[in-house]
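Enquirer:
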Amino acid sequence: NAGVTQTPKFRVLKTGQSMTLLCAQDMNHEYMYWYRQDPGMGLRLIHYSVGEGTTAKGEVPDGYNVSRLKKQNFLLGLESAAPSQTSVYFCASSRRLAGGSFYEQYFGPGTRLTVT
Amino acid sequence: EDQVTQSPEALRLQEGESSSLNCSYTVSGLRGLFWYRQDPGKGPEFLFTLYSAGEEKEKERLKATLTKKESFLHITAPKPEDSATYLCAVQPMYSGGGADGLTFGKGTHLIIQP
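Note that the protein sequences, when read in sequence, are chains R and U. Each residue of the first sequence is one higher than the last, beginning at 3 in this note's numbering. Each residue of the second sequence is one higher than the last, beginning at -7 in this note's numbering.
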């Protein structure tokens, strides 16, 4: 199993450009998440998905859009990049235990994005 | 608002010098508390899940414990390869039936010197 993979690993954008980050998981997990990690801030949730075709906003959703067309993929889009979106982006996935408990989340290796 | 505070921010130990990392949390109800390890340039790696006060989990030189207000990650006789940032996160009880993401602390940067 590759686990959670992310592409690209690094990217530099100019202000106003757009891009899509791809996350793929081969663990058949129902839930997928996008986080950003900034120095001194910890990981913060951007968007998440509880299943194919469904998405929801997290703590810091502004400026981002997501799609989950296939169970194994979760895409994060930046329509018009801003310097404030310079960050390291992590995708994660998890399965849900029957009865409402939650399993741990497994993280990808991250995408380092710089917006100039 | 859910809050997770980790202390200390950074800790430098000699190889073999045991210590503990603290994670204090404030949530309306705790569904689970998670510990992760993060190496530079990598994604967080899952270590433990704790669900209820009094619970303990162990893995090699690490032991995680949980009370109603905080969790500790005890490191016994650490080795240089234990150097990493250790992250604590909580899953609140009120997750609306969905899969709201975790609330993370800022982490403790641990350095083990040979």
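Quick reminder that beta carbons are idealized off the backbone N, C-alpha and C, glycines included.
1. Of the residues 84(U), 4(U), 78(U) and 104(U), which one's Cα is nearest the Cα of residue 31(U)?
2. Taking its Cβ as the centre, do 16 or more other Cβ atoms sit within 10 Å of residue 89(U), making it buried, or is it exposed?
3. Please report the Cβ distance between residue 80(R) and residue 66(R), rounded to the nearest whole angstrom; I am assuming they are in contact, meaning their Cβ atoms lie under 8 Å.
4. Alpha carbon to alpha carbon, what distance is there between residue -6(U) and residue 18(U)?
5. Just how far apart, CA to CA, sit residue 61(U) and residue 71(R)?
6. Counting along the chain, where does the beta strand (DSSP E) carrying residue 75(R) start and finish?
7. Hey, out of 95(U), 11(U), 0(U) and 56(U), whose CA is closest to residue 41(U)'s CA?
8. Assign residue 74(U) to one of three DSSP states: helix, strand, or coil.
9. Pick helix, strand or coil for residue 20(R), following the three-state DSSP scheme.
10. Suppose the cutoff is 6 Å on Cβ atoms and the five residues either side in sequence are ignored; what does the same chain contact list for residue 116(R) look like?
11. Answer with buried or exposed for residue 29(U), where buried requires no fewer than 16 other C-beta atoms within 10 angstroms of its C-beta.
12. Give the secondary structure of residue 1(U) by DSSP, where H, G and I count as helix, E and B as strand, and everything else as coil.
13. DSSP three-state call for residue 106(U): helix, strand or coil?
14. According to DSSP, simplified to helix, strand and coil, what is residue 107(R)?
15. Can we say the stretch 99 to 106 of chain U touches the stretch 2 to 19 of chain U, given the rule of at least three CB pairs closer than 8 Å?
16. Buried or exposed for residue 26(R), please, with buried defined as at least 16 other CB atoms from any protein chain shown within 10 angstroms of its CB.
17. Could you give the C-beta distance for residue 93(R) and residue 34(R), rounded to a whole number, given that I count them as a contact under 8 Å?
18. Consider the Cβ of residue 35(R): report whether some Cβ of chain U lies at a distance smaller than 8 Å.
19. For the stretch 58 to 86 of chain R, which residues have a beta carbon sitting closer than 7 Å to at least one beta carbon of chain U?
20. Nearest CA to the CA of residue 97(U): which residue from 91(R), 50(R) and 40(R)?
21. Whose C-alpha, out of -2(U), 37(U), 9(U) and -1(U), is nearest the C-alpha of residue 71(U)?
22. Please identify the residue among 46(U), 51(U), 75(U) and 33(U) whose C-alpha is closest to the C-alpha of residue 24(U).
Expert: Here's the rundown:
1. For the purposes of this step, residue 31(U) is taken as the residue at position 39 of the second sequence. Taking only the C-alpha atoms, the option nearest residue 31(U) is 78(U).
2. Start at 1 with the first residue of the second sequence, and residue 89(U) comes out as number 97. Here residue 89(U) scores only 46 on pLDDT, less than 50, and its place in the model should not be relied on; the value that follows carries that caveat. By the 10 Å Cβ count, residue 89(U) comes out exposed.
3. For the purposes of this step, residue 80(R) is identified with residue 78 of the first sequence, where counting begins at 1. For the purposes of this step, residue 66(R) is identified with residue 64 of the first sequence, where counting begins at 1. About 6 Å separates the two Cβ atoms, so the contact holds.
4. Locating residue 18(U) in the second sequence gives position 26, where the first residue counts as 1. Locating residue -6(U) in the second sequence gives position 2, where the first residue counts as 1. Cα-Cα distance, rounded: 5 Å.
5. By 1-based counting over the second sequence, the position of residue 61(U) is 69. By 1-based counting over the first sequence, the position of residue 71(R) is 69. Taking the straight line from one Cα to the other gives about 40 Å.
6. Along the first sequence, read from residue 1 onward, the residue named residue 75(R) stands at position 73. 75 to 80 is the span of the beta strand (DSSP E), which, as asked, contains residue 75(R).
7. Position 49 of the second sequence, counted from the first residue, corresponds to residue 41(U). Answer by Cα proximity: 56(U).
8. Locating residue 74(U) in the second sequence gives position 82, where the first residue counts as 1. Residue 74(U) falls in the helix class under three-state DSSP.
9. Within the first sequence, numbered from 1, the residue matching residue 20(R) stands at position 18. Residue state, collapsed to three classes: coil.
10. Here residue 116(R) refers to the residue found at position 114 of the first sequence. Contacts found: 14 and 88.
11. The residue labelled residue 29(U) in the question sits at position 37 within the second sequence. Flag for residue 29(U) reads buried.
12. Reading the second sequence from its first residue, position 9 is the one you call residue 1(U). Reduced to three states, the DSSP call for residue 1(U) is coil.
13. Taking the first residue of the second sequence as 1, we reach residue 106(U) at position 114. Three-state DSSP puts residue 106(U) in coil, outside helix and strand.
14. Translated into the one-based positions of the first sequence, residue 107(R) becomes position 105. If DSSP states are grouped into helix, strand and coil, residue 107(R) belongs with coil.
15. yes
16. For the purposes of this step, residue 26(R) is taken as the residue at position 24 of the first sequence. Buried is the call here.
17. In the first sequence, counting from the first residue as 1, residue 93(R) sits at position 91. In the first sequence, counting from the first residue as 1, residue 34(R) sits at position 32. Indeed they touch by this definition, with Cβ atoms about 7 Å apart.
18. By 1-based counting over the first sequence, the position of residue 35(R) is 33. Answer yes: the Cβ-Cβ gap between residue 35(R) and chain U drops below 8 Å somewhere.
19. 58 and 60
20. Numbered from 1 along the second sequence, position 105 holds the residue referred to as residue 97(U). Nearest of 91(R), 50(R) and 40(R) to residue 97(U), Cα basis: 40(R).
21. Here residue 71(U) is taken as the residue at index 79 of the second sequence, counted from 1. Closest by alpha carbon: 9(U).
22. The residue you call residue 24(U) lines up with position 32 of the second sequence. The candidate whose alpha carbon is nearest that of residue 24(U) is 46(U).
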